[in-house]
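Under my numbering, the letters of the sequence shown match residues 10 to 150, in that order.
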Amino acid sequence: MKRLHVHVAVDDLDRSVGFYSTLFAAAPTVLKPDYAKWMLDDPTVNFAISARGGTAGVEHLGIQVEDASELAEVYARLDKADAPVVEEGATTCCYAKSEKSWITDPQGVVWETFLTQGESTTYGTSATIDALTAKSACGCA
Numbered sequence: 010m011k012r013l014h015v016h017v018a019v020d021d022l023d024r025s026v027g028f029y030s031t032l033f034a035a036a037p038t039v040l041k042p043d044y045a046k047w048m049l050d051d052p053t054v055n056f057a058i059s060a061r062g063g064t065a066g067v068e069h070l071g072i073q074v075e076d077a078s079e080l081a082e083v084y085a086r087l088d089k090a091d092a093p094v095v096e097e098g099a100t101t102c103c104y105a106k107s108e109k110s111w112i113t114d115p116q117g118v119v120w121e122t123f124l125t126q127g128e129s130t131t132y133g134t135s136a137t138i139d140a141l142t143a144k145s146a147c148g149c150a
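Spelled out as structure tokens, the structure:
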């Protein structure tokens, strides 16, 4: 099963956690001092927020897969899209270890495709997302 991923940069994590917990009628499945994530089944979404100094708003969207075969399927679709694919490979980001690639749609919206392979005790960094969001049409970085 594939899951839609939405990552929103926020100014006030505590206030946003309260808002989204009410909206989703669920507490976050991951809660850190600078990050929260809800893994929801209704709607089927990996919804994350972070307060890491970026411009508030939608940072990026994505497709999270459950196994390597689904990742290969989505990667094949990316190869057919009319945009360059940035293969990040194995990385640590958002307190998780993942295999991921990135693409930007014609309007400048950044998308990631990824397979989460485990948890991490650190947020991690992604020069790829930083570079892509800095160039996005929406102006969010």
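Where a beta carbon is used, it is the ideal one built from N, C-alpha and C, also for glycine.
Enclosing beta strand (DSSP E) for residue i [first to last residue]
| i | result |
| --- | --- |
| residue 75 | Unbroken run through residue 75: none, as it is neither H nor E. |
| residue 26 | It is not in any beta strand (DSSP E) - residue 26 instead sits in the alpha helix (DSSP H) that spans 22-33. |
| residue 15 | 12-18 |
| residue 44 | 44-50 |
| residue 101 | 95-102 |
| residue 59 | 53-59 |
| residue 107 | 105-113 |
| residue 127 | 119-128 |
Buried versus exposed, by CB contacts within 10 Å (16 or more), residue i
| i | result |
| --- | --- |
| residue 46 | buried |
| residue 28 | exposed |
| residue 60 | buried |
| residue 98 | exposed |
Supposed close pair residue i, residue j - CB separation, criterion 8 Å
| i | j | result |
| --- | --- | --- |
| residue 11 | residue 79 | 6 Å |
| residue 65 | residue 18 | 5 Å |
| residue 107 | residue 125 | 5 Å |
| residue 40 | residue 54 | At roughly 17 Å, the Cβ-Cβ gap does not stay under 8 Å, so residue 40 and residue 54 are not in contact. |
| residue 22 | residue 58 | 7 Å |
Three-way DSSP call (helix, strand, coil) for residue i in this model
| i | result |
| --- | --- |
| residue 164 | Missing from the structure shown is residue 164; the chain here goes from 10 to 150 and no further. |
Residue i Cβ short of 8 Å to the ligand MN heavy atom set
| i | result |
| --- | --- |
| residue 125 | Looking at this structure, you won't find the ligand MN or any other ligand, since it has none at all. |
Sequence-distant residues of the same chain with beta carbon closer than 8 Å to residue i, five excluded per side
| i | result |
| --- | --- |
| residue 131 | 101, 104 |
| residue 24 | none |
Residues near residue i in its chain [Cβ-Cβ closer than 6 Å; skip 5 each side]
| i | result |
| --- | --- |
| residue 30 | 36 |
| residue 13 | 54 |
| residue 72 | 11, 83, 122 |
Close beta carbons around residue i, own chain, < 7 Å, minus the five adjacent residues each side
| i | result |
| --- | --- |
| residue 77 | 124 |
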